[in-house]
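Protein chains: 2
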Amino acid sequence: MDPHGLLPARPPIGPQPPERSDAARNRARLLDAAQRIVDCEGIAGVTMDGLAAEAGVGKGTVFRRFGSRAGVFAALLDDVEREFQARFLSGPPPLGPGADPVERLVAFGRARIEVLARQAPLMRAAERPVEERFEVPARVVVEVHIATLLRQSGVELDVPVIAFELLAVLEAPLLLPEADLTPAKIIRLGDGWERLVRALLR
Amino acid sequence: MDPHGLLPARPPIGPQPPERSDAARNRARLLDAAQRIVDCEGIAGVTMDGLAAEAGVGKGTVFRRFGSRAGVFAALLDDVEREFQARFLSGPPPLGPGADPVERLVAFGRARIEVLARQAPLMRAAERPVEERFEVPARVVVEVHIATLLRQSGVELDVPVIAFELLAVLEAPLLLPEADLTPAKIIRLGDGWERLVRALLR
Chain A
1 MDPHGLLPAR PPIGPQPPER SDAARNRARL LDAAQRIVDC EGIAGVTMDG
51 LAAEAGVGKG TVFRRFGSRA GVFAALLDDV EREFQARFLS GPPPLGPGAD
101 PVERLVAFGR ARIEVLARQA PLMRAAERPV EERFEVPARV VVEVHIATLL
151 RQSGVELDVP VIAFELLAVL EAPLLLPEAD LTPAKIIRLG DGWERLVRAL
201 LR
Chain B
203 MDPHGLLPAR PPIGPQPPER SDAARNRARL LDAAQRIVDC EGIAGVTMDG
253 LAAEAGVGKG TVFRRFGSRA GVFAALLDDV EREFQARFLS GPPPLGPGAD
303 PVERLVAFGR ARIEVLARQA PLMRAAERPV EERFEVPARV VVEVHIATLL
353 RQSGVELDVP VIAFELLAVL EAPLLLPEAD LTPAKIIRLG DGWERLVRAL
403 LR
C-alpha cells in the first residue's frame, strides 16, 4: 500500500502504450486513492467527486482519465492483473519459476481462484461482459502460461485443448453468485482444481 | 424436420407456463418457419417480415410473440435445449439412462460440445450475455445431471465443486471464436473432455 500516493507507478508488464511520467504518476495517485476508498468503504463508496478529493486533483482530471466509475474499476483490475502476472512470471516458487511444473500449475490455479474471488465485486462493478473480463493480453498470458506448464510436465496430451479447458475452470469462480464465494468455498474450489490437475497429469 | 409446419409442438420438458393449444401451435409453426430460414439462408436471412410470410401469419403476431429477432433466436435455443434435455434424461444410452455413469458423463460432454458448437451462431444472435445463456432451469438441469452421474460413479470427491468445474469446461466452447469451431476442433474438445472425466474418475 501507498497511503500518501507518493510511490511511482509499478512498471507495466507486457506491451503498453508509453505514458508520460507525470501522467503515469497521476494515474498511480488516482488508483491508490481509489483503492484506499474501496478498502475503507467498499465499492459503493467510490464516486468521481470523492476520488478527486481523495487524490487531491480536479474532478475533470478524474473524468478525462477514466471516463466513468466503471472505468476506474477497470483500471484497478488492470493493475491487479499486472501484479498477478508478475507473481507467476517472475515471483518466488511454487507460483513463480523454479518449482516442478505440476506444482506450479496447482499453485497457479489456487492463486488465480483467490485473486478472482477477491476481485469479483470489482469485476462486476467494472461492468465488463464476461467475454472481455480477461482481455488480450491478460487472457492470452494466462493461457500461454498454463500451456507452457502442461508441456513442461512431459505428459502427452492435446495441450491447446486441455489448456483451454483448465482456463475455463479458472474463470468459473466469476460466475458464482457473490454470496457463494466464502473463504471455505474458495478453499474447496482450490482443492477441486488441484484434484483436476493431478488427475490429468498423473 | 417438419417442412410443412404441420406437426404439433414437442411436449415441453420441465416446468413451463401453461399455453393455450392454439397459441402453442402458432409458436411451433413460427419456430419451424424460423428454423427453415436458418437452415436455408443462415441467421442473417431471418427477418420479422420474412418470418411472418414463411409461417403464413401477420407480422404483428411475430412481434407479439417474440418481440425482436433476438427473441426469435432465444426461442429457437429454448427448443434446442429442451430437445437436448430429453436426450440425456430419457433417451437411449450411453447418453440416456442405462449405461455406466462414467460412460454417460463422457457421452454427455461430447454431445453437449456438439450441440453448443452447432448453436453457437444462434447463441450469439440471441444476444444473451454469457451468464444468461444457460438460464435456470437449463443450467440447473445440466449441473444436477453432472452431479448425479459423479455421485453414481462411487468415486469420492467434492461433488458440487467438481460438477461446477466440469460445467465450466462445457461452457467454454461458446467462448471460442466462431472460426475456431471446426469439426476437427469439436472432436478434439470432446477428446479433451473424455480425458478429463476418465482421469478424475479413475
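Note that the protein sequences, when read in sequence, are chains A and B.
Okay, so the first sequence: first residue is 1 according to this note's numbering, each after it adds one.
Okay, so the second sequence: first residue is 203 according to this note's numbering, each after it adds one.
Ideal Cβ positions, reconstructed from N, Cα and C, are used throughout, including at glycine.
Predicted, not measured: the structure shown is a model, and the values here were computed from it.
Subject >> Short Cβ contact (7 Å threshold) for B:ARG353 with B:VAL343 >> reply: Position 151 of the second sequence holds residue 353 of chain B. Position 141 of the second sequence holds residue 343 of chain B. The Cβ atoms of B:ARG353 and B:VAL343 do not sit closer than 7 Å to each other.
message: What would DSSP say about A:MET1, mapped onto helix, strand or coil?
response: Position 1 of the first sequence, counted from the first residue, corresponds to residue 1 of chain A. Low confidence applies to A:MET1: its pLDDT is 38, below 50, so where it sits in the model is not reliable enough to give any reading.
Margin query: Could you check whether A:GLY190 and A:ILE113 sit closer than 7 Å to each other, using their CB atoms as the reference points?
Written below: Here residue 113 of chain A corresponds to residue number 113 of the first sequence, with the count starting at 1. Here residue 190 of chain A corresponds to residue number 190 of the first sequence, with the count starting at 1. In contact: A:ILE113 and A:GLY190 (Cβ atoms closer than 7 Å).
**Q.** Beta-carbon gap between B:LEU297 and B:ALA313 smaller than 7 Å
**A.** Against the second sequence, residue 297 of chain B aligns to sequence position 95. Against the second sequence, residue 313 of chain B aligns to sequence position 111. Yes, the pair counts as a contact, with Cβ atoms nearer than the cut-off.
Check: How long is the line joining the alpha carbons of B:GLN237 and B:ALA349, rounded to whole angstroms?
Finding: The count along the second sequence starts at 1 and reaches residue 237 of chain B at position 35. The count along the second sequence starts at 1 and reaches residue 349 of chain B at position 147. Cα to Cα, B:GLN237 sits roughly 33 Å from B:ALA349.
Find the residues of chain A that neighbour B:PHE265, judging by a C-beta separation of less than 8 Å, and give them in chain order. The residue labelled residue 265 of chain B in the question sits at position 63 within the second sequence. Here the premise fails: no neighbours, minimum Cβ distance about 27 Å.
Query raised in the report: Any C-beta of chain B sitting closer than 7 Å to the C-beta of A:GLY109?
Result: Translated into positions along the first sequence, residue 109 of chain A becomes position 109. Not an interface residue.
| B:GLU413 vs B:ALA272 beta-carbon contact at 7 Å | Nothing in the structure corresponds to residue 413 of chain B, since chain B is present only between 203 and 404.
Original post:
Which of helix, strand or coil does DSSP assign to B:VAL405?
Top reply: With chain B represented from 203 up to 404, any question about residue 405 of chain B goes unanswered, as that position is not in the structure.
- On the premise that B:LEU278 lies in contact with B:ALA257, defined as a C-beta separation below 8 Å, what is that separation, rounded to the nearest angstrom? Along the second sequence, read from residue 1 onward, the residue named residue 257 of chain B stands at position 55. Along the second sequence, read from residue 1 onward, the residue named residue 278 of chain B stands at position 76. The beta-carbon distance between B:ALA257 and B:LEU278, rounded to whole angstroms, is 13 Å. This is too long to meet the 8 Å contact definition.
Between A:ILE187 and chain B, is any beta-carbon pair separated by less than 7 Å?
In the first sequence, the residue the question calls residue 187 of chain A occupies position 187. So, not an interface residue.
Which word fits A:GLY109, buried or exposed, when buried means at least 16 other C-beta atoms lie within 10 angstroms of its C-beta? Translated into the one-based positions of the first sequence, residue 109 of chain A becomes position 109. Result: buried.
Can you tell me the Cα-Cα spacing of A:PRO101 and A:ASP32, whole angstroms?
Here the question's residue 101 of chain A lines up with position 101 in the first sequence. Here the question's residue 32 of chain A lines up with position 32 in the first sequence. For A:PRO101 and A:ASP32, the distance between alpha carbons rounds to 35 Å.
- Return the chain-ordered ranges of every alpha helix (DSSP H) run that is complete within the segment 31-116 of chain A and spans a minimum of 4 residues. Complete alpha helix (DSSP H) runs here, min 4: 48-55, 59-66, 69-90.
Which residue from B:ARG229, B:ARG227, B:VAL357, B:ILE245 puts its Cα closest to that of B:VAL399? Taking the second sequence and counting its residues from 1, the one referred to as residue 399 of chain B is at position 197. Ranking the options by Cα distance to B:VAL399, first place goes to B:VAL357.
_What would DSSP say about A:ALA9, mapped onto helix, strand or coil?_
On the first sequence, residue 9 of chain A is found 9 positions in, with the first residue counted as 1. Residue confidence is low: A:ALA9 scores 39 on pLDDT, short of 50, so the model does not pin down where it sits. Its coordinate-derived value is still stated next. Residue state, collapsed to three classes: coil.
Could you please give the first and the last residue of the uninterrupted alpha helix (DSSP H) stretch that includes B:THR384? In the second sequence, the residue the question calls residue 384 of chain B occupies position 182. Run containing B:THR384: none; DSSP gives neither H nor E here.
Worksheet item: Whose CA, out of A:ALA138, A:LEU201, A:ALA168, A:LEU116, lies closest to the CA of A:THR182?
Response: Within the first sequence, residue 182 of chain A is the residue found at index 182, counting from 1. Nearest of A:ALA138, A:LEU201, A:ALA168, A:LEU116 to A:THR182, Cα basis: A:LEU116.
**Asked** Would you report the Cα separation of A:ILE187 and A:PRO93, rounded to the nearest angstrom?
**Response** Looking up residue 187 of chain A in the first sequence gives position 187. Looking up residue 93 of chain A in the first sequence gives position 93. Their backbone Cα atoms lie some 20 Å apart in a straight line.
Check whether B:GLU193 and B:ALA365 have beta carbons under 7 Å apart = Beyond the ends of chain B as shown, which are 203 and 404, falls residue 193 of chain B; an answer cannot be given.
- Message: DSSP three-state label for A:GLU194, please.
- Response: Against the first sequence, residue 194 of chain A aligns to sequence position 194. Helix at A:GLU194.
| said: Considering only the alpha carbon of each residue, which of B:LEU253, B:THR263, B:VAL240, B:LEU402 lies closest to B:ASP224? | reply: Translated into the one-based positions of the second sequence, residue 224 of chain B becomes position 22. Minimum Cα distance to B:ASP224 is reached at B:THR263.
By the criterion of Cβ-Cβ separation under 9 Å, what are the contact partners of A:ILE162 in chain B? On the first sequence, position 162 is the one that residue 162 of chain A refers to. Correct list: GLY394, ARG397, LEU398.
Worksheet item: For chain B, is any of its Cβ atoms less than 7 Å away from the one on A:GLU165?
Response: Position 165 of the first sequence, counted from the first residue, corresponds to residue 165 of chain A. So yes, A:GLU165 belongs to the interface.
Excluding sequence positions up to five away, which residues of its chain have a Cβ less than 7 Å from the Cβ of A:VAL46? The count along the first sequence starts at 1 and reaches residue 46 of chain A at position 46. Hits under 7 Å: ALA34, ILE37, VAL38, ARG69, VAL72.
Q. Thinking C-beta only, is A:GLU194 closer than 7 Å to A:VAL106?
A. If you number the first sequence from 1, residue 106 of chain A lands on position 106. If you number the first sequence from 1, residue 194 of chain A lands on position 194. Cβ atoms of A:VAL106 and A:GLU194: closer than 7 Å.
Would A:VAL169 and B:GLU345 be called neighbours here (beta carbons separated by less than 7 Å)?
Taking the first sequence and counting its residues from 1, one reaches residue 169 of chain A at position 169. Taking the second sequence and counting its residues from 1, one reaches residue 345 of chain B at position 143. Taking 7 Å as the Cβ cut-off, A:VAL169 and B:GLU345 do not qualify as a contacting pair.
Which residue marks the beginning of the alpha helix (DSSP H) containing A:LEU150, and which one marks its end? Taking the first sequence and counting its residues from 1, one reaches residue 150 of chain A at position 150. 138-152 is the span of the alpha helix (DSSP H), which, as asked, contains A:LEU150.
*Keeping to the same chain, check which residues put their C-beta closer than 6 Å to that of A:ARG10; ignore five residues upstream and five downstream.*
Along the first sequence, read from residue 1 onward, the residue named residue 10 of chain A stands at position 10. With a pLDDT of only 42 at A:ARG10, under 50, the local geometry of the prediction cannot be trusted, and no value is derived from it.
**Study point:** Chain-ordered neighbours of A:VAL169 on chain D, where CB pairs are closer than 7 Å
**Key:** Absent from the structure: chain D. Protein chains present are A and B.
Quick check: what's the CA-CA separation for A:GLY98 versus A:ALA44?
On the first sequence, position 98 is the one that residue 98 of chain A refers to. On the first sequence, position 44 is the one that residue 44 of chain A refers to. About 41 Å.
Quiz item: Nearest chain A C-beta to B:ALA401 closer than 7 Å, yes or no?
Solution: One-based indexing of the second sequence puts residue 401 of chain B at position 199. True, the Cβ-Cβ gap to chain A drops below 7 Å.
Q) How many Å lie between B:PHE265 and A:ALA74 at the Cα? A) The residue you call residue 265 of chain B lines up with position 63 of the second sequence. The residue you call residue 74 of chain A lines up with position 74 of the first sequence. Distance between the alpha carbons of B:PHE265 and A:ALA74: 38 Å.
For B:ALA254 and B:ARG306, I'd like the C-alpha separation in whole angstroms. What you label residue 254 of chain B is simply residue 52 of the second sequence in a count that begins at 1. What you label residue 306 of chain B is simply residue 104 of the second sequence in a count that begins at 1. Near 41 Å, if we compare the C-alpha coordinates of B:ARG306 and B:ALA254.
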